[in-house]
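J.:
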Amino acid sequence: MKIHKLPQELIDLIAAGEVVERPSSVVKELMENSIDAGSNKVIVKIKDSGNSLIEVSDNGIGMNKEDALLAFVQHATSKINDINDLNSINTLGFRGEALASISSVSEIALIDTRSVNSEGVIVKRINNEIKSEESLKSDNGTTIQIVNLFNKVPARKKFLKSGSVEFKHISQTFLNTSLPFLNIHFELWHNDKIVYKLTSVNNFLDRVFEVWGKNISSNLFEGMYASNTLKVKGFLGSTNIGRRSNDMQYIFVNNRAVSNKTIYSAVVEGYRGFLHKDLKPAYFLFLEIDPELVDVNIHPRKLEVRFNDSSEIFRNIYTLTKKKLEEESRSLFKSNIMDNVNLDSSDIKGTSNDNNFKVTDNYSRLSGRGGVYYSKSKSGSIKDAIDFSRLLIENKDLDSTDNDLNLKNEDINIYDSTNSFLNIRPFQIFNTYIVIEKDNSIIFIDQHAAHEKINFEKLYKSLGRVNTKPLLVPEVIELKQAEKDIVLESID
Ligand code: ADP
Ligand code: MG
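Just so you know, my numbering puts 435 at position 435 of the sequence shown, and the rest follows in order with no gaps.
#1: Using 8 Å as the cut-off, can you tell me whether the segment 249-258 makes contact with the segment 170-182, which would need three or more C-beta pairs spanning the two stretches below that distance?
#2: Closer than 6 Å between the C-beta and any heavy atom of the ligand MG: which residues qualify, listed along the chain?
#3: Check for me: the beta strand (DSSP E) holding Phe-284 runs from which residue to which?
#4: According to DSSP, simplified to helix, strand and coil, what is Asn-455?
#5: Judging by CA-CA distance, which residue of Ile-298, Phe-221 and Lys-79 is the nearest neighbour of Val-258?
#6: Using CA atoms only, rank isn't needed, just tell me which of Gln-447, Lys-438 and Ala-282 is closest to Arg-244.
#7: Which of the three DSSP states is assigned to His-185 in this structure?
#8: Can the beta-carbon of Leu-175 be found closer than 8 Å to that of Val-211?
#9: Give the straight-line distance between the Cα atoms of Ser-49 and Glu-437, rounded to the nearest whole angstrom.
#10: Under the criterion of a Cβ to heavy atom distance below 7 Å, does Thr-77 qualify as lining the ligand ADP?
#11: With a cut-off of 8 Å, do at least 3 Cβ pairs link the segment 303-318 to the segment 32-40?
#12: Where does Ile-11 land, buried or exposed, given buried means 16+ other C-beta within 10 angstroms?
#13: Could you round the C-beta distance between Pro-291 and Asn-90 to whole angstroms and report it? I think they count as a contact, below 8 Å.
#14: Examine the ligand ADP and report whether any of its heavy atoms sits within less than 7 Å of the Cβ of Thr-142.
#15: What would DSSP say about Gln-481, mapped onto helix, strand or coil?
#16: Where does Asp-344 fall in DSSP's three states?
#17: Within 10 Å of its beta-carbon, does Asp-439 have 16 or more other beta-carbons around it, so buried, or fewer, so exposed?
#18: Reducing DSSP to helix, strand and coil, say where Thr-91 ends up.
#19: Please list, in chain order, all residues of the same chain as Thr-418 whose beta carbon is under 8 Å from its beta carbon, the five residues on each side excluded.
#20: Around the C-beta of Asn-342, are 16 or more other C-beta atoms found within 10 angstroms, so that it is buried, or is it exposed?
#21: If we count Cβ pairs, one from each stretch, closer than 8 Å, do we get three or more for the segment 150-167 versus the segment 44-62?
#22: Beta-carbon within less than 6 Å of Asn-240's beta-carbon, same chain only, minus the 5 sequence neighbours each way: which residues are those?
#23: Taking only three categories from DSSP, how would you classify Glu-210?
#24: Identify every residue that forms a DSSP beta bridge with Ile-442.
#25: Ignoring anything shorter than 4 residues, give me the alpha helix (DSSP H) runs that lie fully in the segment 38-97, in order along the chain.
#26: Could you tell me whether the segment 134-141 touches the segment 104-114, where touching means 3 or more Cβ pairs closer than 8 Å?
#27: For Phe-94, collect the residues of the same chain with a Cβ closer than 6 Å to its Cβ; drop the 5 residues on either side in sequence, then sort them by chain order.
#28: With distances taken Cα to Cα, identify the nearest neighbour of Leu-230 among Phe-286, Glu-66 and Ile-144.
#29: Based on the DSSP output, what are the partners of Phe-235 in its beta bridges?
#30: Kindly give me the distance between the Cβ atoms of Val-44 and Ile-102, rounded to whole angstroms, as I take these residues to be in contact under 8 Å.
#31: Among the candidates Glu-489, Thr-432 and Lys-469, whose CA atom is the shortest distance from the CA of Leu-279?
#32: Nearest by alpha-carbon distance to Glu-9: which of Ile-442, Glu-129 and Asn-202 is it?
#33: Just how far apart, CA to CA, sit Asp-354 and Arg-330?
#34: My understanding is that Lys-214 touches Glu-478, with C-beta atoms under 8 Å, so please give their C-beta distance in whole angstroms.
#35: Just to check, is the beta-carbon of Asp-85 closer than 7 Å to a non-hydrogen atom of the ligand ADP?
#36: Which first and last residues belong to the alpha helix (DSSP H) in which Ile-11 is found?
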């Protein structure tokens with residue numbers, strides 16, 4: 001006889017491994033339970049990136065003593081009863097595994113809970129013994145503390161990344177879980193400092209503002225699609241907030257953060273042509289779909305879903321994205337044209353020696369970037385525009401090793417003495433490029449990259465002797481709580 005049934009403790013540990021991958025998995029499960037419990041306040045407290053403490057407290061329906069003792073048991077849940085329920089899941093949890101798994105990989109778990117019409121109770125699990133005592137809690141709700149995570153599973157502990165990486169996972173999980181629930185107040189604390197505070201709001205953009213600030217929240221276009229079985233609400237980032245990495249792409253299906261290839265590629269297709277090829281779109285998509293048409297029970301950590309009809313999902317999301325972006329770029333284009341309507345025809349043809357070049361709002365904006373080149377008036381002369389382009393192009397620092405700009409001075413010597421200013425007519429397109437016509441060629445400059453490069457070279461040259469002076473008028477900058485802590489720590 002070679003085959004034998006494993007002891008229960010080992011079975012539990014193996015099962016737990018699928019649910020609890022790292023500290024952030026615990027945060028996710030506990031937050032989901034608090035949300036499912038109908039709370040409107042959920043506070044997450046972390047110590048040492050989850051290694052010494054993960055605590056989640058809420059003001060939800062709580063548990064009575066009997067439930068609190070059962071909650072630790074594998075496959076014990078209040079959320080589904082029979083097979084039919086599995087086909088239409090309306091809660092975030094349903095597998096009844098989380099608390100059991102968590103308590104089998106952590107040394108002590110504590111539940112301090114009180115439900116309506118019952119006494120408060122504290123339940124602790126020490127090794128394999130579950131003990132309960134009376135709680136002094138006066139309000140409904142639950143606090144769960146997890147300590148010494150993975151102490152029992154040294155193999156898993158060994159594979160955890162550095163504290164900062166684990167905390168990054170935790171804060172990402174916190175956002176993934178909290179973003180859709182606008183009516184719940186959430187807080188995330190790390191080592192007694194607050195990292196995120198999301199107050200209850202009416203509008204998703206207000207929540208975005210609280211987390212990422214104005215630049216992001218004011219650069220999202222809101223689009224909607226609705227049929228009988230599917231509702232999609234999309235917040236699509238403009239090119240101004242295109243990302244270098246996939247760090248701001250949020251997909252929620254019935255308020256559950258998921259990763260899904262169908263949706264992902266539908267958005268990518270929708271954005272095709274609207275975003276520089278090196279940039280990734282920022283977006284937040286909320287799908288509301290009849291629970292019978294989506295399977296959430298395909299992943300132990302519930303990170304994926306499967307749709308009955310994924311081509312319908314693809315089509316609708318692709319169309320929504322593309323249409324919305326087209327609409328927005330059309331209206332942007334129109335407003336730029338309006339800015340320019342008082343150009344006279346000779347300017348448009350560009351044949352005259354007319355010195356009055358109407359610079360659009362975008363030009364002032366581009367020249368104001370970083371405050372180095374700054375044009376106060378909306379109407380500038382063509383000389384301003386050329387000078388600016390010349391600064392970008394002729395800056396001797398630019399022909400260093402970095403090829404980002406891909407321009408060499410000999411190629412672009414448009415400013416030599418034989419050329420007058422007026423042969424060169426720079427203008428700006430897509431809010432992003434300066435286009436210059438020269439003889440029979442056309443030159444595109446990525447103004448932002450160029451400007452960064454100039455600033456970089458300047459800073460690089462002055463390394464070690466950076467000159468600073470106080471501003472005459474203080475500049476107010478917006479910081480997230482976490483950023484504020486960093487600034488305060490390194491204020492010197
Ligand atoms: P699931 O969420 O899949 O049901 P869990 O192991 O996460 O499984 O939780 C088991 C049960 O414990 C839940 O069904 C719920 O009844 C109860 N429970 C867990 N956390 C809370 C909480 N914060 N407030 C009220 N009840 C809770
Ligand atoms: Mg749960």
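All C-beta atoms, glycine included, are put in the ideal place defined by N, C-alpha and C.
T.: Straight from the coordinates:
#1: Touching, yes.
#2: Taken from the N-terminal end onward, the list reads Glu-29, Glu-32, Asn-33, Gly-93 and Ala-98.
#3: Taking the first residue of the sequence shown as 1, we reach residue 284 at position 284. Unbroken beta strand (DSSP E) run through Phe-284: 283-289.
#4: Within the sequence shown, the letter at position 455 stands for residue 455. Residue state, collapsed to three classes: helix.
#5: Taking the sequence shown and counting its residues from 1, the one referred to as residue 258 is at position 258. Of all alpha-carbon atoms in Ile-298, Phe-221 and Lys-79, the one lying nearest the alpha-carbon of Val-258 is that of Ile-298.
#6: The count along the sequence shown starts at 1 and reaches residue 244 at position 244. Nearest option by C-alpha distance: Ala-282.
#7: The residue given as residue 185 occupies position 185 in the sequence shown. Note: His-185 maps to strand in three-state DSSP.
#8: Working through the sequence shown from its first residue, we reach residue 175 at position 175. Working through the sequence shown from its first residue, we reach residue 211 at position 211. For Leu-175 and Val-211, yes; Cβs fall inside 8 Å.
#9: As a first step, residue 49 is located in the sequence shown; it is residue number 49 there, counting from the start. As a first step, residue 437 is located in the sequence shown; it is residue number 437 there, counting from the start. For Ser-49 and Glu-437, the distance between alpha carbons rounds to 55 Å.
#10: Your numbering for residue 77 matches position 77 in the sequence shown. Relative to the ligand ADP, Thr-77 has its C-beta within less than 7 Å of a heavy atom.
#11: Pairwise C-beta distances place the segment 303-318 out of contact with the segment 32-40, as fewer than three of them are shorter than 8 Å.
#12: Here the question's residue 11 lines up with position 11 in the sequence shown. That one is exposed.
#13: Taking the first residue of the sequence shown as position 1, residue 291 is located at position 291. Taking the first residue of the sequence shown as position 1, residue 90 is located at position 90. At roughly 6 Å, the Cβ-Cβ gap stays under 8 Å, so Pro-291 and Asn-90 are in contact.
#14: Counting from one through the sequence shown, the residue named residue 142 turns up at place 142. Short note on Thr-142: C-beta closer than 7 Å to some heavy atom of the ligand ADP.
#15: Walking along the sequence shown from the start, residue 481 turns up at place 481. Gln-481 falls in the helix class under three-state DSSP.
#16: Position 344 of the sequence shown, counting from 1, holds the residue named residue 344. For Asp-344, the pLDDT reaches just 38, beneath the cut-off of 50, and the residue's location in the model is therefore unreliable, although a value from the coordinates is still provided. In the structure shown, Asp-344 sits in coil (DSSP, three-state: anything other than H, G, I, E or B).
#17: Position 439 of the sequence shown, counting from 1, holds the residue named residue 439. With fewer than 16 other Cβ atoms within 10 Å, it is exposed.
#18: Translated into the one-based positions of the sequence shown, residue 91 becomes position 91. In this structure, Thr-91 counts as coil in the three-state DSSP scheme.
#19: On the sequence shown, residue 418 is found 418 positions in, with the first residue counted as 1. Unreliable placement is indicated for Thr-418, whose pLDDT of 48 sits below 50; the coordinate value is still reported in the next sentence. Same-chain partners within the cutoff: there are none.
#20: On the sequence shown, residue 342 is found 342 positions in, with the first residue counted as 1. Residue confidence for Asn-342 is low, a pLDDT of 42 falling below 50, so the modelled location carries little weight; the figure read from the coordinates is stated next. Answer is exposed; the Cβ neighbour count stays below 16.
#21: Of all C-beta pairs linking the segment 150-167 to the segment 44-62, three or more are shorter than 8 Å, placing the two stretches in contact.
#22: For the purposes of this step, residue 240 is taken as the residue at position 240 of the sequence shown. The answer, listed in chain order, is Asn-219.
#23: By one-based count along the sequence shown, residue 210 stands at place 210. Reduced to three states, the DSSP call for Glu-210 is helix.
#24: For the purposes of this step, residue 442 is identified with residue 442 of the sequence shown, where counting begins at 1. According to DSSP, Ile-442 shares a beta bridge with Glu-437.
#25: Here the runs fully enclosed are 65-70 and 83-86.
#26: Cβ pair count under 8 Å is three or more, so yes.
#27: Walking along the sequence shown from the start, residue 94 turns up at place 94. Cβ within range, chain order: Lys-79 and Ile-80.
#28: Looking up residue 230 in the sequence shown gives position 230. Checking every option, the nearest Cα to that of Leu-230 belongs to Phe-286.
#29: Stepping through the sequence shown from its first residue, residue 235 is reached at position 235. Partner(s): Glu-222 and Phe-284.
#30: As a working note, residue 44 is residue 44 in the sequence shown. As a working note, residue 102 is residue 102 in the sequence shown. At roughly 14 Å, the Cβ-Cβ gap does not stay under 8 Å, so Val-44 and Ile-102 are not in contact.
#31: Here residue 279 refers to the residue found at position 279 when the sequence shown is read from its first residue. Distances from the CA of Leu-279 to each of Glu-489, Thr-432 and Lys-469 were compared; the closest alpha carbon is that of Thr-432.
#32: For this step, residue 9 is matched to residue 9 along the sequence shown. Ranked by how close their Cα comes to the Cα of Glu-9, the residues Ile-442, Glu-129 and Asn-202 have Glu-129 in first place.
#33: Here residue 354 corresponds to residue number 354 of the sequence shown, with the count starting at 1. Here residue 330 corresponds to residue number 330 of the sequence shown, with the count starting at 1. Because Asp-354 sits at a pLDDT of 36, beneath the cut-off of 50, its placement in the model cannot be relied upon, and the following sentence gives the value as read from the coordinates. A direct Cα-Cα distance of roughly 29 Å separates Asp-354 from Arg-330.
#34: Taking the first residue of the sequence shown as position 1, residue 214 is located at position 214. Taking the first residue of the sequence shown as position 1, residue 478 is located at position 478. The Cβ separation is near 7 Å, so the contact holds.
#35: By 1-based counting over the sequence shown, the position of residue 85 is 85. Outside the cutoff, so no.
#36: Locating residue 11 in the sequence shown gives position 11, counting from the first residue. Segment 8-19, the alpha helix (DSSP H) holding Ile-11.
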